[in-house]
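So the structure is just underneath, and the comments pick up after that.
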Amino acid sequence: MKKKLRDFIFQELVFVAEPNQFGDDDDLLEAGLDSMGIMRLIMYIENEFGVTLPDTEIEPDNVQSFNALERWILRHKNA
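Note that the sequence shown covers residues 6 to 84 in the working numbering.
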């Protein structure tokens, strides 16, 4: 799951010079993930992983890192 997220984010939404050096807890928002990027990311996640992520839960704590994204997805995938 994280590999798919990493590939999508670094190919489509955020440019970092060394994606391999970007850790799972590093801050995606500080790296340049903006509100339009978050909306594209949520659409990708919902299509790719077959989950619905509630609009009311779109907050920094859920999108700030790869680990946060994975927890958020898994919470709704198993619901």
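Glycine included, every Cβ here is placed at the ideal spot set by N, Cα and C.
Identity of the residue in the options nearest residue i by Cα
i, options, result
"Gly-55", "Phe-13, Lys-8, Asn-83 and Met-44", "Asn-83"
"Arg-76", "Phe-13, Met-41, Asp-12 and Asp-29", "Asp-29"
"Val-19", "Lys-7, Ile-47, Lys-9 and Leu-34", "Leu-34"
"Lys-8", "Asp-39, Phe-71 and Leu-79", "Phe-71"
Residue i in three-state terms, based on DSSP
i, result
"Asp-29", "coil"
"Ala-36", "helix"
"Asn-83", "coil"
Separation of residue j from residue i, as counted between CA atoms
i, j, result
"His-81", "Thr-57", "7 angstroms"
"Leu-74", "Met-41", "16 angstroms"
"Arg-25", "Asp-12", "Rather than Arg, the amino acid found at residue 25 in this sequence is Asn. Using only the alpha carbons, I get a separation of about 11 angstroms."
"Phe-2", "Asp-60", "Missing from the structure shown is residue 2; the chain here goes from 6 to 84 and no further."
"Leu-46", "Gly-37", "13 angstroms"
"Asp-32", "Asn-52", "24 angstroms"
"Asn-67", "Glu-23", "23 angstroms"
Proximity below 8 angstroms, CB of residue i to CB of residue j
i, j, result
"Ile-63", "Ile-50", "no"
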